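One structure is given below, encoded as structure tokens.
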Amino acid sequence: MPIGSIVPFDKGVFEGTIDYDFLVSPVKLGSSDKEVTYSFSVDYKPQKVYLVINIERNKEVNPRWRVWLNDFSLTKEFKPNIDVEDSNKRFSTVIFDVSPLVRQGKNDVSVVYKELQQISLVNIGHIVFYPAQDFKTYYELMAGTMLIKPQEVLNLNCNGECYLIVRNSNKDGVLQIEDKKFDSRVDLIDLLVQKKGNIAVGFSCGNNVKASAHLLTFYNLNYVIPKIVLDVQAEVVNYSLTVKLLNEGDVDLDKVIVNVLLNGASISFKSFENVKKGELRTFTLPLQPKKGTINVRVVGIRAGYRKSFDKTLSYS
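Just add 1 to the spot in the sequence shown (first one is 1) and you have my numbering.
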């Protein structure tokens with residue numbers, strides 16, 4: 002049975018949407034690198050914002066660090082919310098409620114560590130709650146470190162949309178999440194699963210019985226949302242692409258983002274603000290006389306919730 006601790010730090014029903022993202026590239030801090038910066042954007046006035054940091058260190062290391070959000074010092078003491086030991090390692094999770102401190106637009110988080118003994122910032126991320134009419138989100142947000150030993154399987158219940166981060170830093174280790182396998186060439190795996198039912202996370206590592214994989218994050222969400230539909234029409238006439246976007250959904254959209262690709266390479270990026278229900282937006286793009294396939298990728302955004310639409314056509 003997997004050991005460790007991954008626990009809910011927030012759970013409930015929210016009248017709005019929940020947006021989240023993580024930096025999933027471990028950074029070693031110590032004698033050479035002293036600081037790492039993580040940036041995120043807040044698009045609208047949020048109701049609640051969390052910051053989550055995972056740290057790995059040797060058991061005898063008691064870090065002294067400083068965490069800044071923009072120009073405000075969150076802490077200069079290392080006080081983890083969750084601590085898990087495995088062999089000579091300690092895995093720590095620190096959670097900050099930064100709701101009153103974030104600002105609309107870009108926010109910068111700086112983790113400053115000036116000690117000589119090395120620590121690893123495994124990942125850092127944020128969660129933003131955007132209030133919105135006609136949206137309801139059932140959620141459970143879990144953080145910590147759950148150790149998965151070889152031949153063990155961790156079963157997680159998913160209510161619709163689940164986001165998980167799993168670490169495998171073992172040379173011969175193989176993670177299996179649902180029908181996907183990941184070897185140790187990928188140290189940190191973040192995966193979005195959309196289903197209702199069980200998610201199985203398994204781990205194997207040859208004959209190394211002391212190895213372990215680590216589940217660090219599990220967000221379990223179920224959205225009740227209004228209909229968001231964009232009718233995307235595209236036509237090429239005389240080396241010119243015309244794109245028509247009609248909002249056929251039940252709500253106005255805060256933003257519509259359009260990325261046009263020719264043979265996989267982006268040739269145009271446009272953004273439209275405040276697209277009303279029933280409104281038509283049109284734009285025209287000149288094309289070079291080059292054969293291939295055009296993909297028009299459109300994202301409709303309402304209160305941080307995103308829905309994608311694609312249109313493909315041949316160009317010759």
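Quick reminder that beta carbons are idealized off the backbone N, C-alpha and C, glycines included. All figures in this text were calculated on a predicted structure; none of them were measured in a lab.
task = Assuming Asn71 and Asp20 form a contact by the criterion Cβ under 8 Å, report the distance between their Cβ atoms to the nearest whole angstrom.
result = The Cβ separation is near 19 Å, so there is no contact.
Three-way DSSP call (helix, strand, coil) for Tyr140 in this model = The DSSP-derived three-state label of Tyr140 is strand.
query = According to DSSP, which residues form a beta bridge with Gln195?
reply = Paired residue(s): Glu162.
message = Just to check my reading of the structure: Val85 and Gly5 have Cβ atoms closer than 8 Å, yes? What is that Cβ distance to the nearest angstrom?
response = Right, the Cβ-Cβ distance comes to about 5 Å (below 8 Å), so this counts as a contact.
request  = Taking only the alpha-carbon atoms, compute the straight-line gap between Cys163 and Asn221 and give it to the nearest angstrom.
outcome  = Take the alpha-carbon of Cys163 and the one of Asn221: they are about 5 Å apart.
ask   = Once you ignore the five residues that flank Gly207 on each side, which residues in its own chain have a CB closer than 7 Å to its CB?
value = Once the five neighbours on either side are set aside, the close Cβ partners of Gly207 are Asp173.
ask   = Is it buried or exposed for Val261, if we count other Cβ within 10 angstroms and need 16 for buried?
value = Buried, since its Cβ has 16 or more Cβ neighbours within 10 Å.
Endpoints, the beta strand (DSSP E) within which Tyr131 is located = Unbroken beta strand (DSSP E) run through Tyr131: Ile120 to Pro132.
inquiry  = Considering only their Cβ atoms, is the gap separating Leu192 from Ile178 smaller than 8 Å?
reply    = Result yes, Cβ atoms of Ile178 and Leu192 sit closer than 8 Å.
inquiry  = On the DSSP letters alone, give me the boundaries of the beta strand (DSSP E) that Asn248 sits inside.
reply    = Counted as a single uninterrupted DSSP element, the beta strand (DSSP E) harbouring Asn248 occupies residues Ser241 to Asn248.
ask   = In whole angstroms, what separates the C-alpha of Glu57 from that of Phe23?
value = Cα to Cα, the separation comes out at about 17 Å.
message = Do Ala212 and Pro290 have their beta-carbon atoms positioned less than 8 Å apart in this structure?
response = Cβ atoms of Pro290 and Ala212: not closer than 8 Å.
task = Check whether the Cβ atoms of Pro227 and Asp135 lie closer than 8 Å to each other.
result = The Cβ-Cβ distance between Pro227 and Asp135 falls below 8 Å.
query = Can at least three beta-carbon pairs, one atom from the region 184–191 and one from the region 227–242, be found at a separation below 8 Å?
reply = Verdict: no, contact absent.
message = Strictly by DSSP, which residues pair up with Asp22?
response = For Asp22, which the question treats as bridged, DSSP gives the partners His127.
ask   = Between the beta-carbon of Gly250 and the beta-carbon of Lys292, is there less than 8 Å?
value = No; because the gap between Cβ atoms is not below 8 Å, this pair is not in contact.
Local conformation of Ser33 per DSSP, three classes = Taken through DSSP and simplified to helix, strand or coil, Ser33 comes out as coil.
request  = Report the residue from Ser88, Glu61 and Asp98 whose alpha carbon sits nearest the alpha carbon of Lys49.
outcome  = Of the candidates Ser88, Glu61 and Asp98, the one whose C-alpha sits nearest the C-alpha of Lys49 is Asp98.
message = Would Tyr316 and Ile295 qualify as a contact pair, given that the criterion is a beta-carbon distance under 8 Å?
response = Yes, these two residues count as a Cβ contact at 8 Å.
ask   = From Val14 to Ile229, what distance separates their C-alpha atoms?
value = For Val14 and Ile229, the distance between alpha carbons rounds to 21 Å.
task = For Tyr39, collect the residues of the same chain with a Cβ closer than 7 Å to its Cβ; drop the 5 residues on either side in sequence, then sort them by chain order.
result = Contacts found: Leu24, Val110 and Ile125.
query = How would you write the range of the beta strand (DSSP E) that Phe79 sits in, first residue to last?
reply = Looking at the DSSP string, Phe79 is not in any beta strand (DSSP E), and its letter there is neither H nor E.
ask   = Does DSSP put Pro290 in a helix, in a strand, or in coil?
value = The three-state secondary structure of Pro290, taken from DSSP, is coil.
query = What does Val187 pair with, by DSSP beta-bridge criteria?
reply = Bridge pairing for Val187: absent [DSSP].
message = Contact between the region 127–134 and the region 60–70 is defined here as three or more beta-carbon pairs at a separation below 8 Å; is this criterion met?
response = At 8 Å Cβ cutoff, the stretches do not touch.
query = Exposed or buried, Asn264, counting other C-beta atoms within 10 Å across all chains shown (16 or more means buried)?
reply = That one is exposed.
task = Report back the beta-carbon spacing between Ser121 and Lys29 to the nearest angstrom; my notes put them in contact at under 8 Å.
result = The pair is a contact, with the Cβ atoms about 5 Å apart (cut-off 8 Å).
message = Tell me the rounded alpha-carbon separation between Lys35 and Gln118.
response = One C-alpha to the other measures close to 11 Å.
key: Extent of the continuous beta strand (DSSP E) to which Gly13 belongs   = That run of the beta strand (DSSP E) goes Ile4 to Phe15.
message = My assumption, with CB atoms under 8 Å, is that Val123 sits in contact with Leu217. Please give the rounded CB distance.
response = Indeed, because the Cβ distance is near 7 Å, the residues count as touching under 8 Å.
inquiry  = Taking the alpha-carbon of Ser91 as reference, which of Tyr114, Glu61 and Lys115 has the nearest alpha-carbon?
reply    = Rather than Ser, the amino acid found at residue 91 in this sequence is Arg. Minimum Cα distance to Arg91 is reached at Glu61.
inquiry  = In whole angstroms, give me the CA-to-CA distance for Leu390 and Leu288.
reply    = Since the first and last residues shown for the chain are 2 and 317, residue 390 lies out of range.
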